[in-house]
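Below you'll find the structure, written out as structure tokens, and then a few comments.
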Amino acid sequence: DQQVKQNSPSLSVQEGRISILNCDYTNSMFDYFLWYKKYPAEGPTFLISISSIKDKNEDGRFTVFLNKSAKHLSLHIVPSQPGDSAVYFCAASSGNTGKLIFGQGTTLQVKP
Amino acid sequence: GAVVSQHPSRVICKSGTSVKIECRSLDFQATTMFWYRQFPKKSLMLMATSNEGSKATYEQGVEKDKFLINHASLTLSTLTVTSAHPEDSSFYICSADRISYNEQFFGPGTRLTVL
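Protein chains in written order, with my numbering: chain A, 1 to 112; chain B, 1 to 115.
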């Protein structure tokens with residue numbers, strides 16, 4: 001039972017354009033959501049997070065939107081840069097357990 | 001700051017042997033560490049929650065006798081894969097929950113290959 005889903009395994013965008021990565025979840029108890037960036041053979045690095053009491057959080061080029069009614073969140077990267085090319089995972093947690101449930105990941109390729 | 005290391009980064013072992021993987025928080029204390037496993041092109045799967053000074057909590061379907069976890073101090077957790085089999089070959093990643101911060105910091109991962 002995949003509680004966190006990233007239905008697009010890959011995404012390709014042109015440098016300078018917007019990258020939109022999507023994530024859906026099924027567990028309404030999730031109250032904290034995170035996005036991680038991961039390179040092959042490395043651990044994930046934290047990008048941005050959002051609490052369920054908010055619908056938007058912005059940090060530089062990265063913005064995360066949360067639609068609780070649709071159980072959907074998205075990560076917007078604008079403008080996209082070639083260095084953004086990586087696998088992006090969304091993750092969700094509930095309560096203060098710290099346990100993260102990850103999506104399958106989306107491979108982003110930003111072309112120069 | 002907030003660096004998590006894992007050792008070894010890669011290990012190749014024969015079937016039937018045991019392998020120990022260390023996870024250290026280098027510049028902060030972590031009462032809780034997590035162990036994940038990632039199969040190729042798949043999601044990170046939470047295996048267990050490691051709490052300093054107490055027994056680990058395993059996720060459903062994870063054999064606690066096969067994946068032994070010890071969290072001996074606030075900066076070190078170890079995962080021992082006992083009697084390893086080829087199907088245990090995977091990428092194992094730990095994370096550390098920094099005390100007073102609502103954020104986990106991940107280690108670089110350990111690639112285990114069981115022949």
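Note that the Cβ used here is the ideal one computed from N, Cα and C, for glycine as well.
Look up residue i in the DSSP assignment and say whether it is helix, strand or coil.
i	result
D88 of chain B	helix
D24 of chain A	strand
D97 of chain B	strand
Just reading off the beta strand (DSSP E) that residue i is part of, what are its end residues?
i	result
L108 of chain A	106 to 111
Y36 of chain B	32 to 38
Q14 of chain A	10 to 14
V114 of chain B	110 to 114
V81 of chain B	76 to 81
A115 of chain A	For chain A, the structure presents residues 1 to 112; residue 115 of chain A sits outside this window and is missing.
E22 of chain B	19 to 25
T97 of chain A	Premise fails: T97 of chain A is in no beta strand (DSSP E) and is neither H nor E.
D65 of chain B	Careful: D65 of chain B lies outside any beta strand (DSSP E) and carries neither H nor E.
K56 of chain A	56 to 59
At a CB-CB cut-off below 9 Å, which residues of chain A make contact with residue i?
i	result
D97 of chain B	G98
Take residue i and list the residues in its own chain whose beta-carbon comes closer than 7 Å to its own, dropping the five residues that flank it on each side.
i	result
F102 of chain A	V4, F89, A91
E22 of chain B	Q6, H7, L76, T78
Name the chain E residues whose beta carbon is nearer than 9 Å to that of residue i?
i	result
I69 of chain B	Considering every chain present, this structure includes no chain E. Its protein chains are A and B.
Using C-beta distances below 8 Å, list every residue in its chain close to residue i, excluding the 5 sequence neighbours before and after it, in chain order.
i	result
T113 of chain B	R10, V11, I12, C13, S89
Can you name the residues of chain A whose CB is closer than 8 Å to the CB of residue i?
i	result
F34 of chain B	G98, K99, L100
P8 of chain B	The premise fails here: P8 of chain B is roughly 13 Å from chain A at the closest Cβ pair, so nothing lies under 8 Å.
Might you give, ordered along the chain, the residues of its own chain that have their beta carbon closer than 6 Å to the beta carbon of residue i, omitting 5 neighbours on each side?
i	result
L21 of chain A	L75, Y88, T106
A56 of chain B	A48, S50, I69
Is the beta carbon of residue j closer than 8 Å to that of residue i?
i	j	result
I50 of chain A	F62 of chain A	no
T17 of chain B	D97 of chain B	no
Could you work out which residues of chain A lie near residue i, taking near to mean beta carbons separated by less than 7 Å?
i	result
K42 of chain B	Q104
Give me the chain B residues within the contact set of residue i, using Cβ-Cβ distance strictly less than 7 Å, ordered along the chain.
i	result
G43 of chain A	I93, F106, G107, P108, G109
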